[in-house]
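Written as structure tokens, this is what we have:
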């Protein structure tokens, strides 16, 4: 990390804003792909692109991939199973059932679910301020999920929480597991090496699942817009986003870098409205602001 007296280039902040834009755009690209091709096939194609680019990056910057110890092999497999395999199946399944902008708001809950899981499994203490932030974030999520009609949801939860919402909540849990495994289980691996191995493990699992979809897969669905969306997901949404994000962590620290994640749902909702014509509901704005405020309060150092 740079010294507090060393000026941080403006390009560092611009790249972090761009990362949030790229990640917000994954919901639009994912929506396009999920409506046309089977979900495990879509995820496998995404990570075929990402894994190839990550391997090239590891070779160029670090001279290739290191040989794994048994513990590292187990840890990277767990990363691939949670953050790549589980997350992406749920991600594409949710986008097939929900508007992209609404789906993007769920991602803001990632830090909250991660904090709660760390407290429950590892005994990490949460002070009064962090509990308040968690409560505010979950209140905002409830507003988003119920579309602002909390009373009806209490009377009949099925009106607000459908399969799409459950898939996205499962995706959030998968990413929380990925974050925790990466924090506690990996030793001696660079971020590029760990992510490349996780992507390769996840790709292997996705291909095994995608094989069952291929007999019914209509290849005519692989139109140029769908292929462009897959390349975007693999290149911009995964590889470039990852590299620039970790450049930010190195330059300004993880806490300040994580603040830029709050822009992801903002970009997701805006792009969904501009590119897909999705409506921006008042409940999305109010609930989204509450979630972002709660996450900011929870993550404040």
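Residue numbers (this note's numbering): 11 to 311. Heads up, the beta-carbon is just placed ideally off N, CA and C, and yes, glycines get one too. It should be emphasised that the depicted structure is a prediction, and the values quoted were computed from it without experimental measurement.
Excluding five sequence positions before and after residue 303, the CB atoms of its chain that fall closer than 7 Å to its own CB belong to 146, given in chain order.
8 Å or more divides the Cβ of residue 41 from the Cβ of residue 131. Distance check between residue 61 and each of 262, 257, 226, 249 places 249 closest, using alpha-carbon atoms only. Residue state for residue 252 is assigned as helix, using DSSP reduced to three classes. The Cβ-Cβ distance between residue 115 and residue 125 does not fall below 8 Å. Within the same chain, Cβ atoms closer than 6 Å to the Cβ of residue 39 are found at 239, 242, 243, the five residues on either side in sequence being excluded.
Beyond the five residues adjoining it in sequence on each side, residue 54 comes within less than 6 Å, by CB distance, of 216, 217, 220 in the same chain, given in chain order. Closest by C-alpha distance to residue 227, out of 26, 34, 45, is 45. The three-state secondary structure of residue 175, taken from DSSP, is helix. With a minimum length of 4 residues, the unbroken runs of alpha helix (DSSP H) contained wholly in the region 11–52 fall at 20–44. C-alpha of residue 191 to C-alpha of residue 89: approximately 7 Å in a straight line. Spatial neighbours of residue 36 in its own chain (CB-CB distance under 7 Å, excluding positions within 5 residues in sequence) are listed in chain order as 243, 247.
Residue 208 carries a helical assignment under DSSP once its states are collapsed to helix, strand and coil. Cβ contact annotation for residue 200 (same chain, cutoff 7 Å, sequence separation greater than five): 72, in chain order. Short of 8 Å from the beta carbon of residue 110, and not among the five residues preceding or following it, lie these beta carbons of its own chain, in chain order: 37, 38, 40, 41, 278, 281, 282, 286, 288.
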